[in-house]
Each structure stands twice: as structure tokens, then as C-alpha cells.
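*Asks:* For the sequence shown, position 246 (counting from the first letter as 1) is numbered 247 according to the working numbering, and the numbering increases by one without interruption. Note that beta-carbon positions come from the ideal geometry of N, C-alpha and C, so glycine has one too. Everything numeric in this text was worked out from a predicted model, so none of it was measured.
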Amino acid sequence: MISDGMADVLRTLGLGGDKDLAAGCVRALGVDGVAVSLLLDDGPLVEPLWCYPESSARFEELQYTFGEGPGPEAVRTGVVVLEPDLERVRPERWPALLPAALDTPVRGVFCFPLGIGAMRLGVLTVVRHDTHGLSRQQISDALALTAALTAAFLNEQGTRAAAGRTAVSPPSEAHRAVVHQATGMISVQLGVELAEALVRQRADPERGRGGRGGQETPAEIFVEVADSLIDDFDVIDLLQRLSSRCVELLDVDAAGIMLADEHGELQIMAASDEHTRLLELLAVQHDQGPCVECYGTGRATPNIDLTDDAAAATWPRFTAQARATGYVTTHALPLRLRDRVVGALNLFQNAPHRLGEGELALAQALADVATIAILQQRTLEQSHVETSRLQAALTSRVLIEQVKGVLAERWGTSVDDAFEAFRAYARSHRLRLADFAAEIIGGGFDTALIPAPTPSA
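(1) To the nearest angstrom, how far is it from the Cα of residue 32 to the Cα of residue 235?
(2) To the nearest whole angstrom, what separates the beta carbons of residue 333 and residue 347, a pair I think is in contact under 8 Å?
(3) I'd like to confirm the pairing. Which residues does DSSP put opposite residue 347 in its beta bridges?
(4) Would you call the region 356–363 and the region 280–299 touching, i.e. three or more CB-CB distances under 8 Å?
(5) Looking at the strands, I want to know which residues DSSP matches up with residue 51.
(6) For residue 320, which residues of its own chain have a beta-carbon under 6 Å away from its beta-carbon, when the five flanking residues on both sides are left out?
(7) Would you tell me roughly how many angstroms separate the C-alpha atoms of residue 4 and residue 148, rounded to the nearest one?
(8) State the CB to CB distance for the pair residue 318 and residue 289, rounded to an integer number of angstroms; the pair is presumed to be in contact (CB under 8 Å).
(9) Would you decide whether residue 310 is buried or exposed? Buried here means 16 or more other CB atoms lie within 10 Å of its CB.
(10) Can you give me the C-alpha to C-alpha distance between residue 238 and residue 337, rounded to a whole angstrom?
(11) Taking 6 Å as the limit between beta carbons, can you name the residues of its chain near residue 52, skipping five residues before and five after?
(12) Compute the Euclidean distance between the alpha carbons of residue 408 and residue 130, then round it to the nearest angstrom.
(13) Classify residue 399: buried if its beta carbon has 16 or more other beta carbons within 10 angstroms, exposed otherwise.
(14) Return yes when the Cβ of residue 115 is within less than 8 Å of the Cβ of residue 154, no when it is not.
(15) Considering only residues of the region 243–321, which uninterrupted alpha helix (DSSP H) runs meet the minimum length of 4 residues and lie entirely inside it, listed in chain order?
(16) On the CB-based measure, 16 or more other CB atoms within 10 Å of its CB, does residue 368 come out buried or exposed?
(17) Given that a residue counts as buried once 16 or more other Cβ atoms are within 10 Å of its Cβ, and exposed if not, what is residue 438?
(18) Quick check on DSSP: helix, strand or coil for residue 76?
(19) Checking the sheet assignment: what are the DSSP bridge partners for residue 121?
(20) Just the Cα atoms here: how many angstroms apart are residue 146 and residue 6?
(21) Return the CA-CA distance between residue 329 and residue 302, expressed in angstroms with no decimal places.
(22) Whole angstroms are fine: how far does the CA of residue 28 sit from the CA of residue 92?
(23) Look at the Cβ atom of residue 451, then the Cβ atom of residue 420, and state whether they are nearer than 8 Å.
(24) Measure from the alpha carbon of residue 79 to the alpha carbon of each residue in 40, 101, 258, 138, then state which is nearest.
(25) In three-state terms, what does DSSP make of residue 1?
(26) Could you pull the start and end residues of the beta strand (DSSP E) that residue 83 belongs to?
(27) Measure from the alpha carbon of residue 340 to the alpha carbon of each residue in 23, 445, 353, 299, then state which is nearest.
(28) Would the beta-carbon of residue 71 fall within 8 Å of that of residue 55?
(29) When burial is assigned at 16 or more other CB atoms within 10 Å of the CB, is residue 454 buried or exposed?
(30) Under a Cβ-count criterion, where at least 16 other Cβ atoms within 10 Å of its own Cβ denotes burial, should residue 109 be classed as buried or exposed?
(31) State the CB to CB distance for the pair residue 87 and residue 102, rounded to an integer number of angstroms; the pair is presumed to be in contact (CB under 8 Å).
(32) Pick helix, strand or coil for residue 239, following the three-state DSSP scheme.
(33) Closer than 6 Å by C-beta to residue 412: which residues in its own chain qualify, once you throw out the five before and the five after it? Chain order, please.
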């Protein structure tokens, strides 16, 4: 979990080049300097939006001057660059930068790319004057700040979270053009014609179909995901929240997330509700359906008309079951990080309404954030962990399905209500869903301690 200091920074986050904000980030992270720089088209980094203190500004200027260093590398690769001791870096890696950098007080540099999936916005650079590196807590805080800054840039028009968690103030006139350039870059990379339309839709707090009071904005969702980027975050809970947020933010009636197992077959990981018909519809796609095609190609398959004979011919079992469930339109979007695809996000609609480019871009951004959380934040430089993490998560889902059945039968309620009661108890007691499910199935927990759901009227 992020520290209290970083939580305070995220609540007051602004992009106005405020020295106090930069200094607050330094204090919250417990480091000697921070800087935020934006990307200009596909070229070098532009001058920093803000830096603190002078040593950080000097290092950023060197990176910009020479066009090389950990910051440009992080932006180019989309991967966090952690270098606790510049003196131990191979000279040929940054031949022009290193001699000049060693004349500054900076000794450790840690760069976190700003962006979502294929979108590259810039970089957060953290520096130390010693070679102590960053602790796990400091890395978690930096990742949270990175996600919040990304959301802030995507909501450049000035979104203010209803709960006060993120406030984006207008950028200074000196930097306004730079922010618009970054927005244009996002437009090109997403293939969206009208950048302003995308920004407006992401910044509009009234969008979507919020079924609960106080609907969250996209910026808040990104910060919520950022708060999950901790050493032992619960993958299943994160994906469950994401599927629910898709229904809240987009004009869809249901959402499901499929992840590929070790054999490359898609398995259900999360759904916006736990009704049997939706789960069965997702399960059909283990070998056919838009999610299978999306996973195989890595490309989105949006606005599929399930009443069209072409859909029935392409995916006969899936289309028939979707129609029987009441859905007439579906969309499949890849869970991907650059060229790595690990699953798909499936959206369903009861009405024949096409999702626009802005809505689809937002859905893809949410899917990309989840993918980053799954693959990048927990593993950093341990890519071999990815397969075991996903397989463990898939196995955990089996246990959770078993618990849902046990509790529903025991309480005489629906599996949907049983899951909500199970999940609410786990979250209130800071228990991982998979561990809690295993304890129940193993007979090590008295389910009478879980408050039974109130019978539906």
C-alpha cells in the first residue's frame, strides 16, 4: 500500500509547475530529487515540467542535452530503469551522459515511464545523492505517483475527483503547449481523429452508466489501480474491480476478463457480476469467440453485431448463447503490454448501440492499466515470474468458485450475493481472496463468522 505521505501528494496533485508539489514528492518518497518530463512526438524529452531541487534539474538538463540516459531509455522501452550507482553503469551504455553526470551530486537514478500500454507520455525521474537504492515502499510510492501523473495528463482539461483524491490544476502558460503536444501524441498512437473529443470524454464525470451514487471518474480509477501496485496485491480483486468499473464508466451492461493459462487457453478471471449465464457465456470462449480472436491477434474487435448472421457463422456456440442471454452487441479488447498479450476484456450490451472511438480508447486504457499491474509492477526485472503468477491466479479462481457455491448453498442465496459477502469480509479483514477461499475449502475457517447477505426483496 502507498504511504500516508504519498497519499497526501496524490490528493493534492497538480500540474502547474508548482515547486511545493515537487518538494512534497521528494519528502514523500524520501529521496534527494524528482523531475517530470514529457515526450515530444517520438523524439527526445522536452524540458522538464518541474524539478526539485537544483541537482535534479541539472541531471534532467544533461539527459535532454545528450539525448541519452535512464529517462530516455525508460520512455523508449516502457520499462522501469533502476540504477542505484551511476559509477557502476557500463560506460558504453550512456557514453556522453555518464562523465558529465558524475560531476553532479547525483549518484542513484530511478526512472518510471509515464504511459499506459503503447501510449508513452514521459518519465518520472527520482534521484539520490547516495547509492542506497530504493526500498520496496519507495518503489510502490513511485509507481503510484507514476500512475496518478499519467491519469492527470490524460485528464488535462482539469478533472477534479469528487472525493478529493486527485485535483488537476491547469498547467502554466509556459508548459501548456507541451501538454497539448503530449495529448496529440496519445491521439496518434490510439488512432483517434479528434484528440479533444477523447480528452473531454475522459474528463467528463457524467459519462457512463454509474449504478452507484458518487460515480468515480477515469482519473480516480487510475489512482485506485495505482494504489493496488504493492508487493502482494490481490490480482483477482483488482480485475474484479476493473470489470465493475467498465460497466460504471462505459455504456455497457456487463464485462468479463479472460486470461490465458499456461497452455494458451483463455479462462475466466473476473466478471462484473457473478450470474451463472454471464459466466457460462465467458466460459464458452475457451476455444471460440471474439476474445479468442482478440487474444490471438492482439487487436481489438469492437462493435460486433450478434444479431448478424456473420457472427453466428464465425462463432456459432458463442453467438447463440449470447443472444439467449439477451446481448446484441459485444466488444473484445486485448490485455496487452507492448507486444505481449495475456488475455482479453469482453464487453456486452443489451441494446444495439455502437461504442465510439473515445469510449473504446478508455476501455483499452483500463485494460492496459490492469495488464501493467499484472505483468510489470510485480515482476520488474523478473519476467520468468509472469507465467507462474498467471497460473496461480487461474488456480485461485477455481477455489473462489467453489467457495461461492458453498456459501450460496449454506445461506440459500444467489452465488452473486454470496460472492459479495465473501469479498466484503475478506477486504474488511485485509485477507487475500485466494488465501481466504483456500482456508474455507480446507475447513480452517468457520463461515458462520461471515455476515450472511440480506435476502433480496
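*Replies:* Walking through what the data contain:
(1) Position 31 of the sequence shown, counted from the start, is the residue given in the question as residue 32. Position 234 of the sequence shown, counted from the start, is the residue given in the question as residue 235. The straight-line gap from Cα to Cα measures roughly 28 Å.
(2) Numbered from its first residue, the sequence shown carries residue 333 at position 332. Numbered from its first residue, the sequence shown carries residue 347 at position 346. Sure, about 6 Å apart at Cβ, within 8 Å.
(3) In the sequence shown, counting from the first residue as 1, residue 347 sits at position 346. Bridge partners of residue 347: 257, 333.
(4) no
(5) Counting from one through the sequence shown, the residue named residue 51 turns up at place 50. In DSSP, residue 51 forms a bridge with 37.
(6) What you label residue 320 is simply residue 319 of the sequence shown in a count that begins at 1. Cβ within range, chain order: 307, 312, 313.
(7) Counting from 1 along the sequence shown, the entry for residue 4 is found at position 3. Counting from 1 along the sequence shown, the entry for residue 148 is found at position 147. In a straight line, the C-alpha of residue 4 is about 15 Å away from that of residue 148.
(8) Reading the sequence shown from its first residue, position 317 is the one you call residue 318. Reading the sequence shown from its first residue, position 288 is the one you call residue 289. About 6 Å separates the two Cβ atoms, so the contact holds.
(9) If you number the sequence shown from 1, residue 310 lands on position 309. Per the 10 Å Cβ criterion, exposed.
(10) In the sequence shown, residue 238 corresponds to position 237, counting from 1. In the sequence shown, residue 337 corresponds to position 336, counting from 1. Roughly 19 Å separates the two Cα atoms.
(11) If you number the sequence shown from 1, residue 52 lands on position 51. Cβ neighbours of residue 52 beyond the five flanking positions: 36, 58, 61.
(12) Looking up residue 408 in the sequence shown gives position 407. Looking up residue 130 in the sequence shown gives position 129. Cα to Cα, the separation comes out at about 55 Å.
(13) As a working mapping, residue 399 is identified with position 398 in the sequence shown. Exposed is the call here.
(14) Position 153 of the sequence shown, counted from the start, is the residue given in the question as residue 154. Position 114 of the sequence shown, counted from the start, is the residue given in the question as residue 115. Yes; because the gap between Cβ atoms is below 8 Å, this pair is in contact.
(15) 277–284, 291–298, 310–315
(16) As a first step, residue 368 must be located in the sequence shown, where it is residue number 367. The Cβ neighbour count for residue 368, taken over all protein chains shown within 10 Å, is at least 16; the residue is labelled buried.
(17) By one-based count along the sequence shown, residue 438 stands at place 437. By the neighbour-count rule (16 or more Cβ atoms within 10 Å), residue 438 is buried.
(18) Locating residue 76 in the sequence shown gives position 75, counting from the first residue. Under the three-state reduction of DSSP, residue 76 is assigned to helix.
(19) For the purposes of this step, residue 121 is taken as residue 120 along the sequence shown, with counting starting at 1. Partner(s): 116.
(20) Stepping through the sequence shown from its first residue, residue 146 is reached at position 145. Stepping through the sequence shown from its first residue, residue 6 is reached at position 5. In a straight line, the C-alpha of residue 146 is about 11 Å away from that of residue 6.
(21) Start at 1 with the first residue of the sequence shown, and residue 329 comes out as number 328. Start at 1 with the first residue of the sequence shown, and residue 302 comes out as number 301. Taking the straight line joining both Cα atoms gives about 15 Å.
(22) As a working note, residue 92 is residue 91 in the sequence shown. As a working note, residue 28 is residue 27 in the sequence shown. C-alpha separation (whole angstroms): 31 Å.
(23) If you number the sequence shown from 1, residue 451 lands on position 450. If you number the sequence shown from 1, residue 420 lands on position 419. No, they are not a contact pair.
(24) To locate residue 79, count along the sequence shown from 1; it is residue 78. The shortest Cα separation from residue 79 among 40, 101, 258, 138 belongs to 40.
(25) Given that the chain is displayed from residue 2 to residue 458, the structure contains no residue 1 and the question cannot be resolved.
(26) For the purposes of this step, residue 83 is taken as residue 82 along the sequence shown, with counting starting at 1. Residue 83 -> beta strand (DSSP E) spans 82–84.
(27) Translated into the one-based positions of the sequence shown, residue 340 becomes position 339. Here the closest residue by C-alpha is 299.
(28) Numbered from its first residue, the sequence shown carries residue 71 at position 70. Numbered from its first residue, the sequence shown carries residue 55 at position 54. No, Cβ-Cβ distance for residue 71 and residue 55 is not below 8 Å.
(29) Taking the first residue of the sequence shown as 1, we reach residue 454 at position 453. It counts as buried.
(30) To locate residue 109, count along the sequence shown from 1; it is residue 108. Residue 109 should be labelled buried.
(31) Within the sequence shown, residue 87 is the residue found at index 86, counting from 1. Within the sequence shown, residue 102 is the residue found at index 101, counting from 1. Going by Cβ atoms, the distance from residue 87 to residue 102 rounds to 6 Å, so yes, they are a contact pair.
(32) Within the sequence shown, residue 239 is the residue found at index 238, counting from 1. Here residue 239 sits in helix by DSSP.
(33) For this step, residue 412 is matched to residue 411 along the sequence shown. Counting only Cβ-Cβ distances below 6 Å, and skipping sequence neighbours, we find 453.
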